[in-house]
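Just so you know, the protein sequences line up as chains Z and G, in that order.
Residue numbers for the first sequence follow our numbering, so the first one is 73 and each next one is one higher.
Residue numbers for the second sequence follow our numbering, so the first one is 448 and each next one is one higher.
By construction, the Cβ of each residue, glycine as well, lies at the ideal position given by its N, Cα and C atoms.
Here the structure is a predicted model, which means the values were calculated and not measured.
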Amino acid sequence: MTWLTLFKVNMKRELILIKRYWMNTLSMIVSFYIIFLAMFLGIQVVGDPSTAELNTQYVIINYIFWYLTMAVMSGIGWVVMNEVTLGTLEQLYMSPLGAWRIFLARIVSSTIVEIGIVIVMLILSMLTAGTWLNLDILSIFPIFVLTIISMIGVSFMIAGMAVIFKQINSFLQISQFIFAGLTFVPLSVAPFLVFFPVVKGVDMVRQIAIHNYTLADFSLMDYTALILNAIVYLVLGIIVFSRCERHAMEKGILGQH
Amino acid sequence: MMDIVKVTNVKKSYKKRKTKELVQAVKGINFTIKKGEIVGLLGPNGAGKTTTIKMMCGLLVPDEGEIYINGIDIQKRRLEALRHISVVLEGNRNIYWRLTVKENLEYFAGNRGFTKKQIQEKMDHLLERFNLKEKENEMVNSLSRGMQQKVAIAIALLADTEVIYLDEPTLGLDIETSYEIRRLLKEIVQEEQKTIIISTHDMPVVQEICERVIIVNHGKVVVDDRVDNLLQLFESKAYRFTLLKPLSDWQKEVLKKEFIVTISENDNNQTILDVNITTSEGFYKITEILEKEQTPIEKIDRSIVDFEEVFMNIVKGEKEIDLAHTV
Chain Z
73 MTWLTLFKVN MKRELILIKR YWMNTLSMIV SFYIIFLAMF LGIQVVGDPS
123 TAELNTQYVI INYIFWYLTM AVMSGIGWVV MNEVTLGTLE QLYMSPLGAW
173 RIFLARIVSS TIVEIGIVIV MLILSMLTAG TWLNLDILSI FPIFVLTIIS
223 MIGVSFMIAG MAVIFKQINS FLQISQFIFA GLTFVPLSVA PFLVFFPVVK
273 GVDMVRQIAI HNYTLADFSL MDYTALILNA IVYLVLGIIV FSRCERHAME
323 KGILGQH
Chain G
448 MMDIVKVTNV KKSYKKRKTK ELVQAVKGIN FTIKKGEIVG LLGPNGAGKT
498 TTIKMMCGLL VPDEGEIYIN GIDIQKRRLE ALRHISVVLE GNRNIYWRLT
548 VKENLEYFAG NRGFTKKQIQ EKMDHLLERF NLKEKENEMV NSLSRGMQQK
598 VAIAIALLAD TEVIYLDEPT LGLDIETSYE IRRLLKEIVQ EEQKTIIIST
648 HDMPVVQEIC ERVIIVNHGK VVVDDRVDNL LQLFESKAYR FTLLKPLSDW
698 QKEVLKKEFI VTISENDNNQ TILDVNITTS EGFYKITEIL EKEQTPIEKI
748 DRSIVDFEEV FMNIVKGEKE IDLAHTV
């Protein structure tokens with residue numbers, strides 16, 4: 073019940089701010105539409121017609137994952153930096169539910185909103201381009217959710233840095249390239265990346281989207297790696313975040329700008 | 448009555464950012480606060496008030512000592528302790544400026560686990576009481592500083608905790624708004640039976656609202672007593688001399704050096720010397736200073752003391768004051 077209340081108020085806040093900062097929202101919507109449309113039309117025009125469909129699916133899935141990875145992984149860090157700037161961070165820390173739960177509710181809410189926008193824009197651009205992706209949403213969804221859990225774990229680690237150092241914009245910018253590497257490099261090229269966040273999930277989604285896999289086609293090993301990855305990174309992320317919080321509270325720098 | 452807040456031998460040091468010099472902000476503070484008490488936490492800038500409040504909120508970890516809220520150790524069971532506390536921190540950024548008044552109230556209550564249904568009645572009551580009903584759908588950034596402060600206090604009250612900390616609730620407000628906030632706080636105190644700890648420089652707030660004050664200076668508690676007792680104590684030491692001749696520069700200098708004095712002029716162009724005298728020797732010393740320049744005394748009266756003078760006397764550390772009731 074508490075989780076639900078927390079999620080509801082944070083989702084409501086997210087929707088209010090999306091409406092209130094409408095220009096920013098509009099820019100995001102238009103950007104997605106243009107990018108997706110450019111991918112559909114670009115590959116059709118420039119690429120090999122026999123592989124155009126596969127290439128489009130590959131690029132779009134990689135792009136969506138890269139975007140969401142970026143948004144989720146840096147999400148809590150941005151929330152912390154923003155709250156520090158606004159001066160409201162310490163008020164959030166007065167919640168008996170714990171600030172980490174509020175941040176989790178925030179990142180889940182913002183991710184749902186962003187996924188919603190991505191899906192709508194993807195459909196709109198497919199309608200415009202007259203090309204349809206052959207995506208098995210039902211198979212992709214559970215893998216996608218587990219992948220996002222590991223992203224949230226990393227997001228907590230980055231947020232821990234933000235709690236101590238406050239401004240980590242440069243780090244977040246550099247990390248874009250690292251995240252791009254993780255989402256674009258196939259696991260077959262670098263198998264050790266299975267221990268990294270996101271990679272296993274993206275790889276499995278690629279198998280579904282490009283090689284028409286279903287959930288039944290994956291081995292127990294695949295699921296074990298995916299689930300363990302999600303749990304380990306989430307738990308590790310929350311532990312790292314709590315340690316950073318404690319450090320900030322000891323040094324008296326929690327709400328310091 | 449039980450102790451709802453217990454602070455035992457709390458110490459906190461910081462390293463200065465630039466010089467890395469270690470500064471002891473709080474040097475072993477002890478006090479207890481009973482349920483339903485209204486306590487002023489006072490002290491000059493840098494005395495350690497905000498540090499103490501933040502430690503009492505669990506936002507800052509003490510180097511040493513323990514803090515219990517309703518019997519719960521805030522260091523060991525922070526989230527559990529937070530169920531009993533709400534706070535309005537110093538400054539005007541306790542709330543979201545891009546949300547409306549109502550959205551702010553709902554958001555912060557939601558973050559404490561309250562559903563909209565649970566808070567609706569109380570929220571409406573608070574909006575009415577704080578004269579915010581008409582502004583409930585206005586964004587906070589369009590409100591005056593006083594209104595914003597009222598929203599922040601309303602959020603703290605909506606949390607319905609037994610203990611409320613208010614850090615400088617009237618700071619930066621104009622006289623009228625400051626008076627209104629004072630009136631509201633007084634009403635809350637009378638009606639809600641909360642334990643309220645107010646850190647402030649606004650002495651009328653203390654005199655009107657607080658039953659007891661804890662004065663912190665240089666990181667230590669220097670006075671912990673009832674406001675009435677302190678006023679009584681200092682009233683017996685405050686004198687007003689009406690003089691028939693202006694004071695010379697030499698007299699002014701000596702008096703200011705030796706005593707805490709205020710020199711003014713009344714409507715009859717007489718010089719008024721308000722001074723705190725704590726010993727009979729002090730009394731003789733003043734008359735001696737006046738006699739030296741042959742300044743005639745028309746009369747000597749007992750002064751009416753307000754809490755500002757009491758505070759200034761304590762903080763300025765007048766050596767001769769016999770703080771019989773202090774720690």
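Any C-beta of chain B under 8 Å from that of residue i
i	result
T562 of chain G	Of the protein chains in the structure, Z and G, none is chain B.
Alpha helix (DSSP H) segment containing residue i, residue limits
i	result
H295 of chain Z	The amino acid at residue 295 of chain Z is misidentified as His; the sequence shows Tyr. Unbroken alpha helix (DSSP H) run through Y295 of chain Z: 292-323.
Q637 of chain G	622-639
L488 of chain G	Element bounds for L488 of chain G: not the alpha helix (DSSP H) but the beta strand (DSSP E), 485-489.
D696 of chain G	696-705
D614 of chain G	Not the alpha helix (DSSP H): D614 of chain G falls in the beta strand (DSSP E), residues 610-614.
S182 of chain Z	171-201
N541 of chain G	Element bounds for N541 of chain G: n/a, residue is neither H nor E.
S796 of chain G	As shown, chain G starts at 448 and ends at 774. That puts residue 796 of chain G outside it, with no answer to give.
V598 of chain G	592-605
I761 of chain G	754-762
I250 of chain Z	241-256
is_contact[residue i, chain Z] using C-beta, thresh 8 Å
i	result
L604 of chain G	no
V729 of chain G	For clarity, residue 729 of chain G is Gly in the given sequence; the question names Val instead. It does not; no Cβ of chain Z falls within 8 Å.
R524 of chain G	no
G666 of chain G	no
Y778 of chain G	Since the first residue of chain G shown is 448 and the last is 774, residue 778 of chain G is not available in this structure.
K463 of chain G	no
N584 of chain G	no
R592 of chain G	no
S533 of chain G	yes
L529 of chain G	yes
L677 of chain G	no
G538 of chain G	yes
L546 of chain G	yes
Secondary structure of residue i, DSSP reduced to three states
i	result
N551 of chain G	helix
L506 of chain G	coil
Q654 of chain G	helix
V49 of chain Z	What is shown of chain Z runs 73 to 329, which leaves residue 49 of chain Z out entirely.
N456 of chain G	strand
T434 of chain G	There is simply no residue 434 of chain G to check, as chain G begins at 448 and stops at 774 in what is shown.
L737 of chain G	helix
F688 of chain G	strand
M166 of chain Z	coil
R525 of chain G	helix
Y731 of chain G	helix
K462 of chain G	strand
Span of the beta strand (DSSP E) around residue i
i	result
G225 of chain Z	Not the beta strand (DSSP E): G225 of chain Z falls in the alpha helix (DSSP H), residues 209-237.
R673 of chain G	667-673
F478 of chain G	469-481
Y515 of chain G	511-516
I710 of chain G	708-712
D748 of chain G	744-749
V270 of chain Z	Segment: none, V270 of chain Z is in no beta strand (DSSP E) and carries neither H nor E.
R576 of chain G	Segment 563-576 is the alpha helix (DSSP H) holding R576 of chain G; no beta strand (DSSP E) there.
Any non-hydrogen atom of the ligand GDP within 7 Å of residue i CB
i	result
K496 of chain G	Looking for the ligand GDP in the displayed structure turns up nothing, as the structure carries no ligands at all.
is_contact[residue i, chain G] using C-beta, thresh 8 Å
i	result
V81 of chain Z	yes
I174 of chain Z	yes
E317 of chain Z	no
G147 of chain Z	no
T219 of chain Z	no
G232 of chain Z	no
M321 of chain Z	yes
T123 of chain Z	no
L326 of chain Z	yes
T74 of chain Z	yes
I311 of chain Z	no
S314 of chain Z	no
To be precise: take each residue of the stretch 487-510 of chain G, compare its Cβ to all Cβ atoms of chain Z, and keep it if any distance is under 7 Å. Which residues remain? C504, L506, L507, V508
For a minimum of 4 consecutive residues, which ranges assigned as the alpha helix (DSSP H) are wholly contained in the stretch 82-164 of chain Z? 94-118, 124-158, 161-164
Select from the stretch 157-170 of chain Z all residues with a C-beta closer than 8 Å to any C-beta belonging to chain G, and list them in chain order. Those residues of the stretch 157-170 of chain Z placed with their C-beta closer than 8 Å to a C-beta in chain G are L158, G159, T160, E162, Q163, L164, Y165, M166, S167, P168, L169, G170, ordered along the chain.
At a Cβ cut of 7 Å, what residues of the stretch 601-631 of chain G count as close to chain Z, listed as they run along the chain? Using a CB distance below 7 Å, no part of the stretch 601-631 of chain G faces chain Z.
Taking beta-carbon pairs under 9 Å, can you tell me which members of the stretch 77-102 of chain Z lie near chain G? Residues passing the 9 Å Cβ filter: T77, L78, K80, V81, N82, K84, R85, I88, L89, R92, Y93.
For the stretch 282-295 of chain Z, which residues have a beta carbon sitting closer than 7 Å to at least one beta carbon of chain G? none
Identify each residue in the stretch 548-562 of chain G for which the Cβ-Cβ distance to at least one residue of chain Z is less than 9 Å, and report them in chain order. From the stretch 548-562 of chain G, only E550, E553, Y554, F555, A556, G557, N558, R559, G560, F561, T562 have a Cβ closer than 9 Å to chain Z.
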